[in-house]
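Protein chains in written order, with numbering that gives the first Met the number 0: chain A, 0 to 150; chain B, 0 to 150; chain C, 0 to 150.
A virtual CB, placed ideally from N, CA and C, is assigned to each residue, including glycine.
Note that this is a predicted model, so its numbers are computed, not measured.
All remarks here apply to the structure that follows.
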Amino acid sequence: MANLMEDEVFMAFTTYAAIVILKMMLMAPLTAYYRITRGSYANEEDVSRKSAEEKKKLLKAHPDVERARRCHQNDLENVIPFMLIGLLYALTGPELSAALLHFRLFAGCRIFHTISYITVLPQPSRGLSWILGMLVTFSMAYRVLSTVLLL
Amino acid sequence: MANLMEDEVFMAFTTYAAIVILKMMLMAPLTAYYRITRGSYANEEDVSRKSAEEKKKLLKAHPDVERARRCHQNDLENVIPFMLIGLLYALTGPELSAALLHFRLFAGCRIFHTISYITVLPQPSRGLSWILGMLVTFSMAYRVLSTVLLL
Amino acid sequence: MANLMEDEVFMAFTTYAAIVILKMMLMAPLTAYYRITRGSYANEEDVSRKSAEEKKKLLKAHPDVERARRCHQNDLENVIPFMLIGLLYALTGPELSAALLHFRLFAGCRIFHTISYITVLPQPSRGLSWILGMLVTFSMAYRVLSTVLLL
């Protein structure tokens with residue numbers, strides 16, 4: 000088994016995969032932070048100690064919380080396909096330099112995507128980083144399907 | 000490492016996994032297409048050049064956009080478990096014919112599920128393709144747990 | 000290929016991964032159950048045989064359905080990163096006892112999280128099980144990045 004972790008491409012994949020997944024997971028504490036500072040909760044038991052009037056107020060959606068949630072959702076829709084396709088891609092034995100280019104580009108895109116989403120940078124910064132990240136995954140999927148095809 | 004990609008079951012898994020993930024990823028451009036043609040956006044910076052009145056209109060939800068998003072969400076909830084269970088299933092060394100049956104059935108179900116969701120086919124077409132896809136994943140999970148069990 | 004499934008750590012990972020994924024997948028039938036018993040649907044074709052007045056009623060959101068959906072979403076946001084990081088973690092060759100501790104703790108946390116979410120247990124039961132589950136994943140990610148780092 001150890002031989003997988005001795006392969007340089009697989010080591011590079013592991014590194015960048017862990018980085019983008021950690022980035023994605025950090026959206027949850029960020030959402031929690033916005034929920035607390037903006038006073039916007041989704042569950043009644045989270046505001047159980049408050050008066051009925053306060054509860055009503057605290058259970059309303061807040062734009063900052065919704066923005067963080069949309070960003071998290073976009074990560075789920077893009078980072079997880081990258082991970083799964085990337086795992087298969089790493090197993091097809093690509094050149095280390097080509098693999099690193101894919102992984103670095105994707106990680107950079109997603110970090111920039113989150114920054115532009117949360118800090119509300121003007122478009123097309125968010126749109127372009129989203130599309131470029133997807134193209135990286137499509138490029139890896141193309142390599143996977145052109146190397147291994149058994150229908 | 001190369002020996003994984005020389006295994007026929009793993010090659011079949013790789014092929015169908017890439018297909019269903021690509022299908023899932025295509026929901027994002029479809030949602031973007033509906034957002035543009037139906038004029039329904041989620042973020043203020045996406046409509047920054049419009050007048051205040053137009054903005055209000057463009058930031059409302061549209062049924063077609065919401066439908067594409069629900070379909071995408073259903074893919075996340077079903078395709079990703081299939082991928083992860085399928086990866087473990089492929090490693091348990093099943094018969095190629097049995098594995099192909101699982102993978103083909105699942106891919107067929109999900110493609111039909113998307114068609115019936117987006118083109119609003121009458122029920123139970125969407126419901127049945129959803130349930131059949133889940134049963135395929137359950138069947139693979141059963142094989143995984145009955146072959147490998149270390150609690 | 001068979002050598003992966005002869006490794007005890009990988010077998011333990013496979014077992015717990017299948018368990019938490021099955022738990023996550025069961026949120027879908029639970030949501031469907033709430034949709035039917037509470038009379039709350041998201042798609043018009045699901046209520047096509049009803050009168051116009053009834054349709055309007057049946058297409059409204061119900062708190063129980065929304066709660067099950069939030070719980071499912073939280074699973075997606077936590078179980079899938081655990082799976083992906085856990086797969087890489089298992090490949091770094093940790094001690095069996097350390098790996099089992101991580102996997103058992105995570106599975107326990109997520110099962111308790113679902114129970115406390117669906118049965119509306121008072122906080123901080125849901126919050127703590129959510130945070131503890133995340134810490135397990137962070138601990139595995141730390142091990143992965145400190146063993147394998149190729150930027």
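Query raised in the report: What is the rounded straight-line gap between the Cα of ALA16 of chain B and the Cα of LYS55 of chain B?
Result: The residue given as residue 16 of chain B occupies position 17 in the second sequence. The residue given as residue 55 of chain B occupies position 56 in the second sequence. Straight-line Cα distance between these residues: approximately 41 Å.
Query - Whole-angstrom C-beta distance between LEU95 of chain A and GLU151 of chain A, which should lie under 8 Å - result: Nothing can be reported for residue 151 of chain A, as the shown portion of chain A is limited to 0 through 150.
Query raised in the report: Does the beta carbon of LEU25 of chain A fall short of 8 Å from some heavy atom of the ligand FAD?
Result: As far as ligands go, the structure on display features none, and thus does not contain the ligand FAD.
Query - Where the stretch 84 to 98 of chain A meets chain B: residues whose CB sits under 9 Å from a CB there - result: Those would be ILE84, LEU86, LEU87, ALA89, LEU90, THR91 and GLY92, in chain order.
Report task. Could you tell me if GLU76 of chain B is buried or exposed, where buried requires 16 or more neighbouring beta carbons within 10 angstroms of its beta carbon? Result -> Your numbering for residue 76 of chain B matches position 77 in the second sequence. It is buried - the Cβ of GLU76 of chain B has at least 16 other Cβ atoms within 10 Å.
**Report entry** Nonlocal neighbours in the same chain, by C-beta distance under 8 Å from LEU86 of chain C, ignoring five residues either side
**Finding:** Walking along the third sequence from the start, residue 86 of chain C turns up at place 87. Taken in chain order, the residues that qualify are PHE12 and ALA16.
Report task. Can you grab the Cα-Cα spacing for the pair ILE35 of chain A / LEU131 of chain C, in whole Å? Result -> What you label residue 35 of chain A is simply residue 36 of the first sequence in a count that begins at 1. What you label residue 131 of chain C is simply residue 132 of the third sequence in a count that begins at 1. Distance between the alpha carbons of ILE35 of chain A and LEU131 of chain C: 19 Å.
Query raised in the report: Under the three-state reduction of DSSP, which class applies to GLN72 of chain A: helix, strand or coil?
Result: As a working note, residue 72 of chain A is residue 73 in the first sequence. Secondary structure at GLN72 of chain A: helix, using DSSP grouped into helix, strand and coil.
Requested in this report: Taking VAL195 of chain B as part of the alpha helix (DSSP H), name the residues at either end of that continuous run.
Outcome: Chain B is shown from 0 up to 150; residue 195 of chain B falls before or after that span and cannot be answered.
Query raised in the report: Would you report the Cα separation of LEU120 of chain A and TRP129 of chain A, rounded to the nearest angstrom?
Result: Along the first sequence, one-based indexing puts residue 120 of chain A at 121. Along the first sequence, one-based indexing puts residue 129 of chain A at 130. For LEU120 of chain A and TRP129 of chain A, the distance between alpha carbons rounds to 13 Å.
Query raised in the report: From which residue to which residue does the alpha helix (DSSP H) around GLU52 of chain A run?
Result: Counting from 1 along the first sequence, the entry for residue 52 of chain A is found at position 53. For GLU52 of chain A, the enclosing alpha helix (DSSP H) covers residues 51 to 57.
Query raised in the report: Taking 9 Å as the CB-CB cut-off, is MET82 of chain A touching chain C?
Result: Start at 1 with the first residue of the first sequence, and residue 82 of chain A comes out as number 83. Under the 9 Å criterion on CB atoms, MET82 of chain A is classed as interfacial with respect to chain C.
Query raised in the report: Is the stretch 61 to 72 of chain A close to the stretch 22 to 37 of chain A, with three or more CB pairs under 8 Å?
Result: Yes: at least three Cβ pairs fall under 8 Å.
**Report entry** Residues from the stretch 41 to 61 of chain B in contact with chain A, defined by Cβ distance under 8 Å
**Finding:** Only ALA41, ASN42, GLU43, GLU44, ASP45 and SER47 from the stretch 41 to 61 of chain B bring a Cβ to less than 8 Å from some Cβ of chain A.
**Report entry** Minimum Cβ-Cβ distance from ILE20 of chain B to chain C less than 9 Å
**Finding:** For the purposes of this step, residue 20 of chain B is taken as the residue at position 21 of the second sequence. No, ILE20 of chain B lies away from the interface with chain C (no Cβ there is under 9 Å from its Cβ).
**Report entry** Where ALA89 of chain C falls, given that 16 or more other Cβ within 10 Å makes a residue buried
**Finding:** Here residue 89 of chain C refers to the residue found at position 90 when the third sequence is read from its first residue. With 16 or more other Cβ atoms within 10 Å, it is buried.
Query raised in the report: Would you report the Cα separation of LEU148 of chain C and VAL135 of chain A, rounded to the nearest angstrom?
Result: Taking the first residue of the third sequence as 1, we reach residue 148 of chain C at position 149. Taking the first residue of the first sequence as 1, we reach residue 135 of chain A at position 136. When rounded, the distance between both Cα atoms is 21 Å.
Requested in this report: Identify which residue in C:TYR141, C:MET24 and C:HIS61 has its Cα closest to the Cα of MET82 of chain B.
Outcome: Along the second sequence, read from residue 1 onward, the residue named residue 82 of chain B stands at position 83. Nearest option by C-alpha distance: C:MET24.
Requested in this report: Would you give the residue range spanned by the alpha helix (DSSP H) that GLY107 of chain B belongs to?
Outcome: In the second sequence, residue 107 of chain B corresponds to position 108, counting from 1. For GLY107 of chain B, the enclosing alpha helix (DSSP H) begins and ends at 95 to 117.
Requested in this report: Please list the residues of the stretch 3 to 15 of chain A that have a C-beta atom closer than 7 Å to any C-beta atom in chain C, keeping them in chain order.
Outcome: Identification of residues in the stretch 3 to 15 of chain A having a C-beta nearer than 7 Å to some C-beta of chain C yields LEU3, MET4, GLU7, MET10, ALA11, THR13 and THR14, given in sequence order.
Report task. Decide yes or no for the touch test of the stretch 38 to 53 of chain C against the stretch 107 to 126 of chain B: beta carbon pairs closer than 8 Å, at least 3 of them. Result -> Contact between the stretch 38 to 53 of chain C and the stretch 107 to 126 of chain B is present, because at least three Cβ pairs lie under 8 Å.
Requested in this report: Output, in chain order, the set of chain A residues within a Cβ distance shorter than 9 Å of ALA27 of chain B.
Outcome: Sequence index remark: in the second sequence, residue 27 of chain B carries index 28 (1-based). Neighbours of ALA27 of chain B on chain A, chain order: ASN73, GLU76, ASN77, TRP129 and MET133.
Query raised in the report: Nearest CA to the CA of ALA97 of chain B: which residue from B:SER115, B:GLY126 and B:MET139?
Result: Start at 1 with the first residue of the second sequence, and residue 97 of chain B comes out as number 98. Ranked by Cα distance from ALA97 of chain B, the options B:SER115, B:GLY126 and B:MET139 are led by B:MET139.
Query raised in the report: Are the C-beta atoms of ILE117 of chain A and some chain C residue less than 9 Å apart?
Result: Taking the first residue of the first sequence as 1, we reach residue 117 of chain A at position 118. Interface annotation, ILE117 of chain A: not in contact with chain C, CB-CB separation never under 9 Å.
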